[in-house]
Amino acid sequence: MRTALIQMSVAADREENIARACAFLREAAARDTDVAVLPEMFCCPYQNHCFRPYGEAANGPAQAALSALAAELGMYVVGGSLPELSEGRVYNTSYVYDRQGREIAKHRKVHLFDIDVAGGQRFRESDTLSPGDQITTFETEFGILGLCICFDLRFEELSRCMCLRGARVIFVPAAFNMTTGPAHWELLFRQRAVDNQCFFVGVSPARDESASYVAYGNSLVTDPWGTVLCRAAGEETILYSDLDLSRVDAVRHQLPILSARRTDLYEVREK
């Protein structure tokens with residue numbers, strides 16, 4: 001399964017961002033990509049005061065563009081995330097489209113990013129955003145795949161639930177910052193991959209040092225052994241990674257972590 005990690009710059013102009021994303025998707029399709037992944041808030045500056053003005057309701061312009069392009073290109077598109085407007089609320093939402101352009105998954109970020117690190121970053125998504133309440137997996141010809149957004153990755157239970165549903169690859173559109181990124185980005189992706197013995201794909205916006213919120217970049221793929229298969233730096237780029245999904249079964253056979261769980265003593269239960 002060829003994946004394309006689109007680490008794009010995000011500008012103040014929403015239409016420019018959508019056009020840039022579409023251009024990158026076309027470039028990815030020309031490289032025989034099966035699944036292309038955009039970053040968190042790919043069409044909106046990562047600032048609380050932008051989320052509602054940049055938001056869109058069901059079938060809004062960004063969603064329509066991604067759906068149409070997925071169908072035209074015959075490629076799965078994991079649409080990073082965008083501000084979704086619904087019943088007076090704003091959600092940080094990722095949409096997934098299949099090769100026919102049909103929406104096959106929708107994940108609203110479950111864990112909102114409310115942090116205040118001494119000497120580092122302070123940000124409160126809950127000032128503007130509402131949390132989702134669903135675990136998100138979806139079926140493809142490659143098997144079951146999973147999806148979460150940024151801060152969701154820090155909560156092992158969510159990844160484990162996707163794993164127990166059969167997810168062999170988990171996509172994570174994310175925008176770690178220059179405080180949390182250097183400290184935890186690679187560490188978290190490698191550990192979640194080892195814990196759940198599946199592939200993890202993390203896609204960040206490119207780094208913009210002039211922005212009020214500076215994304216870390218460093219989009220990457222980790223395999224079920226915890227090996228980093230590819231990793232960007234901070235610049236705008238597309239990474240490609242061919243995922244050998246038989247690696248999931250091989251690693252699980254070598255290290256029976258999932259099958260050796262003591263569910264008589266502890267259990268992670270799906271909602």
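Read in order, the letters of the sequence shown are residues 1 to 271 in full-length UniProt numbering. Where a beta carbon is used, it is the ideal one built from N, C-alpha and C, also for glycine. Nothing here was measured: the structure is a model prediction, and the numbers come from that model.
By the CB criterion at 8 Å, C150 and A174 fall inside the cutoff.
Residue environment for L69: buried (at least 16 other C-beta atoms within 10 angstroms of its C-beta). In the DSSP secondary-structure assignment, N177 is bridged to A215. In the structure shown, D249 falls within a helical segment according to DSSP collapsed to helix, strand and coil.
By the 16-neighbour rule on beta-carbons within 10 angstroms, V228 is exposed. The residue from R102, H111 and V96 with its alpha-carbon nearest to that of T137 is V96. Per DSSP, the unbroken beta strand (DSSP E) holding Q7 starts and ends at R2 to Q7. Note: C230 is bridge-paired with V221 in the DSSP secondary-structure output. Around F113, the same chain offers F123, E125, C150 and F151 as residues with beta carbons nearer than 7 Å, after the five sequence neighbours per side are excluded. By the C-beta density criterion, Q134 is exposed, having fewer than 16 other C-beta atoms within 10 angstroms. Across the structure, E141 and D116 are spaced so that their CA atoms are roughly 42 Å apart.
When secondary structure is reduced to three states using DSSP, P39 falls in the coil class, being assigned neither helix nor strand. Going by beta carbons, T3 and V37 fall inside the 8 Å limit. Put simply, the backbone Cα of L243 is about 10 Å away from that of F200. Counted as a single uninterrupted DSSP element, the alpha helix (DSSP H) harbouring I18 occupies residues R14 to A29.
Within the same chain, Cβ atoms closer than 6 Å to the Cβ of A215 are found at A175, S204, P205 and R207, the five residues on either side in sequence being excluded.
Burial state of R20 is buried, judged by a 10 Å Cβ sphere holding 16 or more other Cβ atoms.
Under the 8 Å Cβ criterion, the stretch 48–58 does not count as touching the stretch 157–175, having fewer than three qualifying pairs.
Excluding residues up to 5 positions away in sequence, A70, Y76, I104 and T140 lie with their Cβ nearer than 8 Å to the Cβ of D98 in the same chain. E103: member of the beta strand (DSSP E) spanning E103 to R108, first to last residue.
Membership of P83 in the beta strand (DSSP E) is indicated by the continuous run L82 to S86. Contact holds between the stretch 39–46 and the stretch 77–89, because three or more Cβ pairs, one in each stretch, are under 8 Å apart.
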